[in-house]
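A.B. asks: Chains as they are written, first to last, in my numbering: chain Y, 16 to 423; chain F, 16 to 423.
There are 2 protein chains.
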Amino acid sequence: MVMPAPGVAGSGGSAPGSVGDVRRSNLALVLGRIAEFPPGAHPSRAQLAAATGLTKASVSSLVLDLLDAGIIREIGFNPQGRGRPGVGLELNPGRAVMGMEVNVDYISAAVVDLAGKVLLREVQERDNRNSVDGPVMAALAVLAARVRSAAGERGVEVLGGGLAVPGLVDPAAARVLTAPNLGWAGVDLDLGALLPEAPLGVALFNEANAAALAELRHRPDGASDFLFVSGEVGVGGGLVIGSELFTGPGGHAGEVGHIVVDPDGARCSCGGTGCLETVAGQDAIFEAAGIGSVEHSRSAAMAKLLQALDARQPGALAAVERAGRCLGIALASTARVVNIASVVLGGHFAVLEPWLRSPLLQSLQKYAPGRYASGQVSVSAVGESGALLGAAGSVIRSLVEAPHQLLS
Amino acid sequence: MVMPAPGVAGSGGSAPGSVGDVRRSNLALVLGRIAEFPPGAHPSRAQLAAATGLTKASVSSLVLDLLDAGIIREIGFNPQGRGRPGVGLELNPGRAVMGMEVNVDYISAAVVDLAGKVLLREVQERDNRNSVDGPVMAALAVLAARVRSAAGERGVEVLGGGLAVPGLVDPAAARVLTAPNLGWAGVDLDLGALLPEAPLGVALFNEANAAALAELRHRPDGASDFLFVSGEVGVGGGLVIGSELFTGPGGHAGEVGHIVVDPDGARCSCGGTGCLETVAGQDAIFEAAGIGSVEHSRSAAMAKLLQALDARQPGALAAVERAGRCLGIALASTARVVNIASVVLGGHFAVLEPWLRSPLLQSLQKYAPGRYASGQVSVSAVGESGALLGAAGSVIRSLVEAPHQLLS
DNA sequence: AGCTTTAGTTTATTGCCTGAACTATATGGG
DNA sequence: CCCATATAGTTCAGGCAATAAACTAAAGCT
């Protein structure tokens, strides 16, 4: 049979393969196995050899490199009953990364150790609507420095970080293309200034994408393919396929908010017509439900909507029902285009899920029967801090997949 | 910065990397460079060393393996002006693969050499509507054997093949899940019987996907990201992203025919409602245009439709205009979900392009402004034989990416 | 204490790439 | 015609990484 080459091979790319690449690959393989052990259980070198298919000798040598780099450490013993007990290995809890977020009404930073444990978190309220990037980033740098030094006092070194921003980004260029709710467009960020001298630097993420990645780590069902729908002012999405974020050729796939759900519908801020966002975005729901969003803060408007729903107010119920129905249409089309069968609701969709669920499932049944089972529509497991955790988690994952970055 | 590991590394997967993998990777690298040279220009070992970054010594050794396996051969000289002339290398034209196709009203087979040249082709008319797989496959095996021995008489050895089928397939299991127009569902194919003892075996492809791959090889603009829309009885699609077929987690991505374009529309054969296929499939267009498709053959109906369009008959014009508009809606949503910006029209969409183009572009402008430029909507460069050529081309590509399969 | 069992290290071997030296084969000038 | 120059391709020693097998280490069991 014709099959793609397994394991290490599989370039077709441009770089020549040398012997050193094998070591890089195997370092990642071993570290990956250590990382995927449940916290509390620490694999020994022998277990890693069995799990990876490498020989004990190779594993010993690879583990030595990882220990030298401080990425992992030895911890206690691992008695097996008979025989010499193995030495447990774990991700070094003295090394961490920082997740950061700029959102409409706050900036935040959190230190997450390599095992994924949140050590410190600080949220600072700040009105970033129609802001200028410079001062916001300066404030975030101050916040990051404070949290970083607090970590340092506890003996934790921050290796790198990730910043999540609500807008379209070009991660390679550290550029925010457009973030309508911040009022940013085409701004180049000085990410290095957030964590000076951190060996891994700072990576940039779209907020919905980062939240989708957080969901990937924290999903109770361990799903590796799903669409995360982020309901904020706009409707965003993060597409996770094969445990990887799928961003498409242009880098902005999963923008489920602008799928056409009503060809005769309203004009959208994106210039299109009948986009999901015009029906299921926060402002659209508030308006349809007869709740002003301008005079209240958005969270107050949401509280008011929930009250109205509890009181079974027809306008509110109809608005949410319509949002659910249209979300179903968009998800039906998504199922066809990327052949995905599971959805995670975040943002206001998570909050409104009790009212959304039924029209959503009916709509899926009508437009894409058999594509989604009812258990395949679930609610975010991480909640509001998803973007923060996802940005940090993604940096950790990059490290686990390419540990040679930290070898001397 | 946090980046995935380049070149050979990049597993995270399960297989350990050994030294031998480096060779496999570099064999593919060298062979890939030879393959991408334009026909007529034959690279020397020295040029390959420069192009790949490998040393001359390594390239010599790798080339020797490829020569021994018969995948490439030396051809003539390559005078550079001064100095010793290099020896040209090319893909061995004495080795080939076979593309095969089962379609509604024919079966076909073609022998394509490793450079992509079609050496032989045979199409055999056969009504496969509501057929049983056994006799069809038997007839195809006879056809394949005949074409294979004709190639053998010309000194060409067939290494493997690919079969394209109009339906959902599971390539790994050699299983056709459902092919409505053939009347097949859940049939296991004996692909090995088509090309007994061929070292690479026979791979199975969905027709639209195979056609999309053919498009990839023959696109004049060299685009590496596009959606191929295949208009047959149904509306299929093949999504090419980064020069790879993107099949999604379930293996059936790009099914653009079942995107919802009219929430209040007609019931679709897939069980959904308002799918693109209910508006833009061949039968749907014929019906809307007032042309019976039952009494005529499908090709006769298409001729009648073209006549009606030429005569500016309002019903026909309106039917095609509506199909174009709805295709635009589907493509707008696709642009959002997978962030693709270029479309290739195949099947009846290619035939009807003069009438479709304008409503399609208007629709794209209305629903996804800025996503597709007018030049980004083009017509298939390969025409009817796309699936056949694509299946063969894909097998060739698998070989070029994993040549070690043929080493002793 | 001695046997058994399992963990981890040491050592010889093999495979592959690299760099440098070397051979082979062309052009062009005296 | 012969030799300098330039380019192609091969040979050979060196280094790195994985492997297999032998060896050392550290426990439990009898």
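Glycine included, each C-beta is placed from N, C-alpha and C at the ideal position.
Which residues in the same chain as residue 270 (chain Y) place their Cβ atom closer than 8 Å to its Cβ, once the five residues preceding and following it in sequence are excluded?
C.D. replies: Taking the first sequence and counting its residues from 1, the one referred to as residue 270 (chain Y) is at position 255. Excluding positions up to five away in sequence, the list reads 251 and 252.
A.B. asks: Could you tell me the distance, in whole angstroms, from the CA atom of residue 281 (chain F) to the CA atom of residue 288 (chain F)?
C.D. replies: As a first step, residue 281 (chain F) is located in the second sequence; it is residue number 266 there, counting from the start. As a first step, residue 288 (chain F) is located in the second sequence; it is residue number 273 there, counting from the start. Distance between the alpha carbons of residue 281 (chain F) and residue 288 (chain F) is about 6 Å.
A.B. asks: Give a yes or no on whether the minimum CB-CB distance between residue 348 (chain F) and chain Y is below 7 Å.
C.D. replies: Your numbering for residue 348 (chain F) matches position 333 in the second sequence. Yes, its Cβ sits closer than 7 Å to a Cβ of chain Y.
A.B. asks: Measuring straight from C-alpha to C-alpha, what distance separates residue 174 (chain F) and residue 112 (chain F)?
C.D. replies: What you label residue 174 (chain F) is simply residue 159 of the second sequence in a count that begins at 1. What you label residue 112 (chain F) is simply residue 97 of the second sequence in a count that begins at 1. So the alpha carbons of these two residues sit roughly 5 Å apart.
A.B. asks: Look up residue 173 (chain F) in the DSSP assignment and say whether it is helix, strand or coil.
C.D. replies: Here residue 173 (chain F) refers to the residue found at position 158 of the second sequence. Three-state DSSP puts residue 173 (chain F) in a strand.
A.B. asks: Can you give me, in chain order, the residues of the stretch 30-44 of chain Y that have a beta carbon less than 7 Å from any beta carbon in chain F?
C.D. replies: Listed in sequence order: 30, 31, 32, 33, 34, 36, 37, 39, 40, 41, 43 and 44.
A.B. asks: Taking Cβ-Cβ distances below 8 Å as the criterion, which residues of the stretch 377-389 of chain F are in contact with chain Y?
C.D. replies: Hits within the stretch, in order: 381, 382, 383, 384 and 385.
A.B. asks: Who are the near neighbours of residue 116 (chain F) in its chain, counting only those whose CB is closer than 6 Å to its CB and skipping five residues on each side?
C.D. replies: Counting from 1 along the second sequence, the entry for residue 116 (chain F) is found at position 101. The residues are 123, 179, 402 and 403.
A.B. asks: Do you know whose CA, among F:321, F:419, F:387 and F:337, lies nearest residue 349 (chain F)'s CA?
C.D. replies: For this step, residue 349 (chain F) is matched to residue 334 along the second sequence. Closest by alpha carbon: F:387.
A.B. asks: Please state if the CB of residue 361 (chain Y) and the CB of residue 284 (chain Y) are separated by a distance shorter than 7 Å.
C.D. replies: As a first step, residue 284 (chain Y) must be located in the first sequence, where it is residue number 269. As a first step, residue 361 (chain Y) must be located in the first sequence, where it is residue number 346. No. Outside cutoff.
A.B. asks: Go through the stretch 143-227 of chain Y residue by residue and report every complete run of the alpha helix (DSSP H) that reaches 4 residues or more, in order.
C.D. replies: Fully enclosed alpha helix (DSSP H) runs of 4 or longer: 148-168.
A.B. asks: For residue 275 (chain F), list the residues DSSP reports as bridge partners.
C.D. replies: As a position in the second sequence, residue 275 (chain F) is number 260, starting the count at 1. F:290, per the DSSP bridge assignment.
A.B. asks: Nearest by alpha-carbon distance to residue 68 (chain F): which of Y:58, Y:33, Y:85 and Y:97 is it?
C.D. replies: For the purposes of this step, residue 68 (chain F) is taken as residue 53 along the second sequence, with counting starting at 1. Checked all of Y:58, Y:33, Y:85 and Y:97; the closest Cα to residue 68 (chain F) is Y:33.
A.B. asks: Using 10 angstroms around the beta-carbon of residue 197 (chain Y), count the other beta-carbons present and answer buried if the total reaches 16, otherwise exposed.
C.D. replies: The residue labelled residue 197 (chain Y) in the question sits at position 182 within the first sequence. With 16 or more other Cβ atoms within 10 Å, it is buried.
A.B. asks: Quick check: the stretch 197-215 of chain F against the stretch 129-140 of chain F, are there 3 or more CB pairs under 8 Å?
C.D. replies: No: the two stretches stay apart, fewer than three of their Cβ pairs being nearer than 8 Å.
A.B. asks: Taking the alpha helix (DSSP H) that residue 338 (chain F) belongs to, which residues open and close that run?
C.D. replies: For the purposes of this step, residue 338 (chain F) is taken as residue 323 along the second sequence, with counting starting at 1. Per DSSP, residue 338 (chain F) belongs to the alpha helix (DSSP H) from 329-353.
A.B. asks: Determine, using beta carbons only, whether residue 227 (chain Y) comes closer than 7 Å to chain F.
C.D. replies: Residue numbering aside, residue 227 (chain Y) sits at position 212 when the first sequence is read from its first letter. For residue 227 (chain Y), the answer is no, since every Cβ of chain F falls outside 7 Å of its Cβ.
A.B. asks: Tell me where the beta strand (DSSP E) around residue 125 (chain F) begins and ends.
C.D. replies: For this step, residue 125 (chain F) is matched to residue 110 along the second sequence. Unbroken beta strand (DSSP E) run through residue 125 (chain F): 121-128.
A.B. asks: Quick check on the burial criterion: 16 or more other C-beta atoms within 10 angstroms. Buried or exposed for residue 416 (chain F)?
C.D. replies: Position 401 of the second sequence holds residue 416 (chain F). Counting Cβ neighbours within 10 Å, residue 416 (chain F) comes out buried, since at least 16 surround it.
A.B. asks: Rounded to whole angstroms, what is the Cα-Cα separation between residue 383 (chain F) and residue 347 (chain F)?
C.D. replies: Locating residue 383 (chain F) in the second sequence gives position 368, where the first residue counts as 1. Locating residue 347 (chain F) in the second sequence gives position 332, where the first residue counts as 1. Rounded to whole angstroms, residue 383 (chain F) to residue 347 (chain F) spans 5 Å at the Cα level.
A.B. asks: Would you please verify whether the beta carbon of residue 275 (chain Y) is less than 7 Å from any beta carbon of chain F?
C.D. replies: By 1-based counting over the first sequence, the position of residue 275 (chain Y) is 260. For residue 275 (chain Y), the answer is yes, since a Cβ of chain F falls inside 7 Å of its Cβ.
A.B. asks: List the whole-angstrom C-beta distance separating residue 267 (chain F) from residue 204 (chain F), where the pair is believed to meet the contact cut-off of C-beta under 8 Å.
C.D. replies: Here residue 267 (chain F) refers to the residue found at position 252 when the second sequence is read from its first residue. Here residue 204 (chain F) refers to the residue found at position 189 when the second sequence is read from its first residue. 18 Å between Cβ atoms; not a contact.
A.B. asks: Measuring only the C-alpha atoms, how far is residue 194 (chain Y) from residue 105 (chain Y)?
C.D. replies: Position 179 of the first sequence, counted from the start, is the residue given in the question as residue 194 (chain Y). Position 90 of the first sequence, counted from the start, is the residue given in the question as residue 105 (chain Y). Rounded to whole angstroms, residue 194 (chain Y) to residue 105 (chain Y) spans 39 Å at the Cα level.
A.B. asks: CB residue 359 (chain Y) to CB residue 241 (chain Y), shorter than 7 Å?
C.D. replies: What you label residue 359 (chain Y) is simply residue 344 of the first sequence in a count that begins at 1. What you label residue 241 (chain Y) is simply residue 226 of the first sequence in a count that begins at 1. The answer is yes: Cβ separation under 7 Å.
A.B. asks: Which residues does DSSP list as the beta-bridge partners of residue 424 (chain F)?
C.D. replies: Past the boundaries of the shown model lies residue 424 (chain F); chain F is included only from 16 to 423, so the question cannot be answered.
A.B. asks: Run the CB neighbour count on residue 99 (chain Y), radius 10 Å, all protein chains shown included, and call it buried at 16 or more, exposed below.
C.D. replies: Along the first sequence, read from residue 1 onward, the residue named residue 99 (chain Y) stands at position 84. By the neighbour-count rule (16 or more Cβ atoms within 10 Å), residue 99 (chain Y) is not buried but exposed.
A.B. asks: For chain F, find out if any of its Cβ atoms is closer than 7 Å to the Cβ of residue 111 (chain Y); answer yes or no.
C.D. replies: Counting from one through the first sequence, the residue named residue 111 (chain Y) turns up at place 96. No, its Cβ sits nowhere closer than 7 Å to a Cβ of chain F.
A.B. asks: Report yes or no: do the stretch 318-335 of chain Y and the stretch 214-223 of chain Y share at least 3 C-beta pairs separated by less than 8 Å?
C.D. replies: Counting Cβ pairs under 8 Å, fewer than three are found: no touch.
A.B. asks: Is residue 319 (chain F) near residue 306 (chain F), with beta carbons less than 7 Å apart?
C.D. replies: The sequence position of residue 319 (chain F) within the second sequence is 304, counting from 1. The sequence position of residue 306 (chain F) within the second sequence is 291, counting from 1. Against a cut-off of 7 Å, the Cβ pair of residue 306 (chain F) and residue 319 (chain F) comes out as a contact.
A.B. asks: So, is residue 79 (chain Y) buried or exposed, given that buried needs 16 or more other C-beta atoms within 10 angstroms?
C.D. replies: As a working note, residue 79 (chain Y) is residue 64 in the first sequence. So residue 79 (chain Y) counts as exposed.
A.B. asks: So, is residue 272 (chain Y) buried or exposed, given that buried needs 16 or more other C-beta atoms within 10 angstroms?
C.D. replies: Looking up residue 272 (chain Y) in the first sequence gives position 257. Flag for residue 272 (chain Y) reads buried.
A.B. asks: Mapping the DSSP letters down to three states, classify residue 75 (chain Y) as helix, strand or coil.
C.D. replies: As a working mapping, residue 75 (chain Y) is identified with position 60 in the first sequence. If DSSP states are grouped into helix, strand and coil, residue 75 (chain Y) belongs with the helices.
A.B. asks: My understanding is that residue 126 (chain F) touches residue 166 (chain F), with C-beta atoms under 8 Å, so please give their C-beta distance in whole angstroms.
C.D. replies: Walking along the second sequence from the start, residue 126 (chain F) turns up at place 111. Walking along the second sequence from the start, residue 166 (chain F) turns up at place 151. That pair is a contact at about 5 Å.
A.B. asks: Check whether the stretch 37-45 of chain Y and the stretch 88-95 of chain Y are in contact - that is, three or more C-beta pairs closer than 8 Å.
C.D. replies: No, because fewer than three Cβ pairs between the stretch 37-45 of chain Y and the stretch 88-95 of chain Y fall closer than 8 Å, the two stretches do not touch.
A.B. asks: Can you name, in chain order, every residue of its own chain whose Cβ lies under 7 Å from the Cβ of residue 211 (chain F), other than the five neighbours on each side?
C.D. replies: Taking the first residue of the second sequence as position 1, residue 211 (chain F) is located at position 196. For residue 211 (chain F), where only same-chain residues beyond five positions count, there are no Cβ hits under 7 Å.
A.B. asks: What residues match up with residue 115 (chain F) in a beta bridge as DSSP calls it?
C.D. replies: Numbered from its first residue, the second sequence carries residue 115 (chain F) at position 100. Answer is F:124 and F:178.
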